[in-house]
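Throughout the sequence shown, residue numbering follows mature numbering (1 follows the signal peptide of the UniProt record, and there is no 0), covering -21 to -1, 1 to 136 in sequence.
Glycine residues also receive a C-beta, built at the ideal position from the N, C-alpha and C atoms.
Keep in mind that this is a model prediction, so the values were computed, not measured.
Accompanying notes for the structure given below.
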Amino acid sequence: MRYLLFAFVIIALVSSACSSAGDTVGEDGVIAPAIAGSETYLLGQSVYNAQCASCHGVNGDGQFPDAPLEPDITGRYGAPPHDESGHTWHHDDDLLMRIIREGGMGDPVNFYVMPALGLVLSDAEIEAVVAYIKTMWTSEQQTAQREGTLAVRAQEP
Ligand code: HEC
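If you want it as structure tokens, here you go:
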């Protein structure tokens, strides 16, 4: 029993060290676009490819790349693009993390379902995947989203 407890303490220490490692979140508290080849980039890319790409497309061009922002023959919208052609960059960091943790907000009649991944992914993985998605945006979009994230946080009580 004592060994089991010891193992838990070690796991807790290692995972807290992991979540604070790297430079995923900048000094302003906003997730920085991942630098190609960095630890955050590689983690974000592997999470994205394993957990997101099947719906949102390997390159972030959406479930229906030919008409990504249109409903399909069933009348439902698919997973939207995350790249610069989509609207993901209009969402602040906290909303993006919430959607990934809790699932999509679209009603299932009009949208395909975005699953809740909060039990599958750690906070560090969620931050890394957001940092990776940010590499799909133009620098203007990155700046606007960063300012939007700070503006939303400034309004919070
Ligand atoms: C089973 C398919 C599926 C998977 C897997 C999936 N999504 Fe989604 N996602 C969707 C659908 C469908 C929507 C649109 C409906 C909605 O928002 O409810 C969506 C919406 C979103 C949105 C909000 C819309 C936008 O453009 O900002 C974000 C952010 C998002 N997904 C991120 C992710 C990330 C990150 C992953 C992987 C960690 C992921 N999704 C995995 C299907 C999926």
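From this set, the options, which residue's C-alpha is nearest residue i's C-alpha?
i	options	result
Ser64	Glu81, Gly41 and Ile52	Gly41
Val131	Glu6, Asp71 and Ala110	Asp71
Met76	Ala103, Phe90 and Ala133	Ala103
Ser118	Asp62, Phe90, Asp2 and Ala46	Asp62
Val92	Gly82, Leu100, Val99 and Ser101	Gly82
Our contact map puts residue i next to residue j with C-beta atoms below 8 Å; I'd like the distance itself, whole angstroms only.
i	j	result
Pro44	Lys113	Pro44 to Lys113, Cβ: 20 Å. No contact.
Gly54	Arg80	Contact flag wrong, Cβ pair sits at about 28 Å.
Ile10	Val99	Actually they do not touch by this definition, with Cβ atoms about 19 Å apart.
Taking just the CA atoms, how far does residue j sit from residue i?
i	j	result
Ile52	Trp68	27 Å
Asp73	Glu135	12 Å
Glu106	Trp116	16 Å
Ala123	Gly8	15 Å
Thr128	Ser25	25 Å
Ala29	Thr3	19 Å
Leu48	His66	10 Å
Ala133	Glu6	16 Å
Is there contact between the region 55 to 68 and the region 33 to 45, where contact requires at least three CB pairs shorter than 8 Å?
-> By the Cβ criterion, the region 55 to 68 is in contact with the region 33 to 45, since at least three pairs of Cβ atoms, one from each stretch, lie closer than 8 Å.
With a cut-off of 8 Å, do at least 3 Cβ pairs link the region 86 to 93 to the region 14 to 23?
-> Because the criterion of three Cβ pairs below 8 Å is not met, the region 86 to 93 and the region 14 to 23 do not touch.
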